[in-house]
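As numbered in our numbering, residues 8 to 249 make up the sequence shown, in order.
We treat Cβ as the ideally placed atom computed from N, Cα and C, and that holds for glycine.
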Amino acid sequence: MWYICHVCDPIAYYFVLPENSAMAVKEFPVVEPPFEELDGGVAGGQSTVVGVVLAAGTSSRFGATNKLLAEWADAPLVSHVVDTLLRSTVDKVVVVVGDDAGRVRRAVSDFEVTIVHNDRYASGQSTSVRRGITAARNHGADAVVFALGDMPTVEAESFDLLVAAYRTGVSEALAAACNGARGNPVLFGRRHFEALADATGDTGGREILLDDDRAVLVETGDRGVLVDVDSPDDMSTLRLSS
């Protein structure tokens, strides 16, 4: 049983792929709470969902400084992401560090998280995804939520909605959405772990999301799932909006 969300802008219903992709456009169903228990759902106490913060990138478009350490609301961006994830219903949190690892570690050192190092971070985001999957498996994960370290305005409730949709059996490939527009974070169940462990380049979990016929978007109503910080201009906009 699907719960279809009537979005205001049908164009937002589509995820546009790179021009060289074999599929120009893929349409995802959009679901919204409440989620009814479906066949294949798992009771909350019987599944372990691990949150993985991807915080290893080089911030090449941000200039000489590491964007994850840029201050906003009295804390580095990555600290906000970790704090929010810890306030959600995920069971454990892993932070994958790489570039500027020492300073990023210090930025999250006060949190109860597992920090793992990706020494191949320069080869693309997929290397951090693989490192995160390994760490999540070590925590006995049944599902993993991937959060980006440069998206500090995502609300804890958005993570909660992904977890709730997974635990009620909606899908094992889920992405957060706002008004039907696809964003981050994303959640993958255990049956996708092998594919994630084999991911290459900068695609991360995108191709897996596209290949799963039951992949859905979870409506959150949270504009933060669409807002990331890539450039100094993005940082200025974020500061002006707060």
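Looking only at its own chain, which residues have a Cβ that is under 7 Å from the Cβ of residue i, when we skip the five neighbours before and after it?
{"i": "residue 92", "result": "58, 60, 100, 154, 166"}
{"i": "residue 127", "result": "134"}
{"i": "residue 123", "result": "101, 103, 138, 142"}
{"i": "residue 325", "result": "A question about residue 325 goes unanswered here, because the residues of the chain that appear run from 8 up to 249."}
{"i": "residue 245", "result": "79, 236"}
Do residue j and residue i count as a contact pair if the criterion is CB distance below 7 Å?
{"i": "residue 195", "j": "residue 180", "result": "yes"}
{"i": "residue 67", "j": "residue 103", "result": "no"}
{"i": "residue 115", "j": "residue 89", "result": "yes"}
{"i": "residue 98", "j": "residue 73", "result": "no"}
{"i": "residue 75", "j": "residue 63", "result": "no"}
{"i": "residue 157", "j": "residue 234", "result": "no"}
{"i": "residue 232", "j": "residue 185", "result": "yes"}
Just list the residues that DSSP pairs residue i with in beta bridges.
{"i": "residue 184", "result": "189, 226"}
{"i": "residue 215", "result": "For residue 215, which the question treats as bridged, DSSP gives no partner whatsoever."}
{"i": "residue 140", "result": "Paired residue(s): none; residue 140 is not in a bridge."}
{"i": "residue 151", "result": "57, 195"}
{"i": "residue 236", "result": "None, per the DSSP bridge assignment."}
Any idea if residue i is buried or exposed, counting beta-carbon neighbours within 10 angstroms, 16 or more meaning buried?
{"i": "residue 189", "result": "buried"}
{"i": "residue 191", "result": "buried"}
{"i": "residue 109", "result": "exposed"}
{"i": "residue 178", "result": "buried"}
{"i": "residue 208", "result": "exposed"}
{"i": "residue 86", "result": "buried"}
{"i": "residue 229", "result": "buried"}
{"i": "residue 77", "result": "buried"}
Less than 6 Å between C-beta atoms, sequence neighbours within five positions excluded: which residues of the same chain meet that for residue i?
{"i": "residue 96", "result": "167, 170"}
{"i": "residue 197", "result": "149"}
{"i": "residue 140", "result": "200, 203, 204"}
{"i": "residue 193", "result": "153, 182, 212"}
How long is the line joining the alpha carbons of residue i and residue j, rounded to whole angstroms?
{"i": "residue 79", "j": "residue 146", "result": "31 Å"}
{"i": "residue 159", "j": "residue 248", "result": "13 Å"}
{"i": "residue 201", "j": "residue 175", "result": "23 Å"}
{"i": "residue 173", "j": "residue 54", "result": "10 Å"}
{"i": "residue 213", "j": "residue 36", "result": "16 Å"}
{"i": "residue 293", "j": "residue 105", "result": "One cannot answer for residue 293 here, as it falls past the ends of the chain, which runs 8 to 249."}
{"i": "residue 219", "j": "residue 65", "result": "30 Å"}
{"i": "residue 41", "j": "residue 221", "result": "18 Å"}
{"i": "residue 43", "j": "residue 144", "result": "28 Å"}
{"i": "residue 56", "j": "residue 131", "result": "24 Å"}
Please list, in chain order, all residues of the same chain as residue i whose beta carbon is under 8 Å from its beta carbon, the five residues on each side excluded.
{"i": "residue 163", "result": "91, 92, 94, 95"}
{"i": "residue 215", "result": "180, 195, 199, 202, 203, 206"}
Please confirm whether residue i has its beta-carbon closer than 7 Å to some beta-carbon of chain C.
{"i": "residue 114", "result": "The structure shown contains no chain C; it holds only a single protein chain."}
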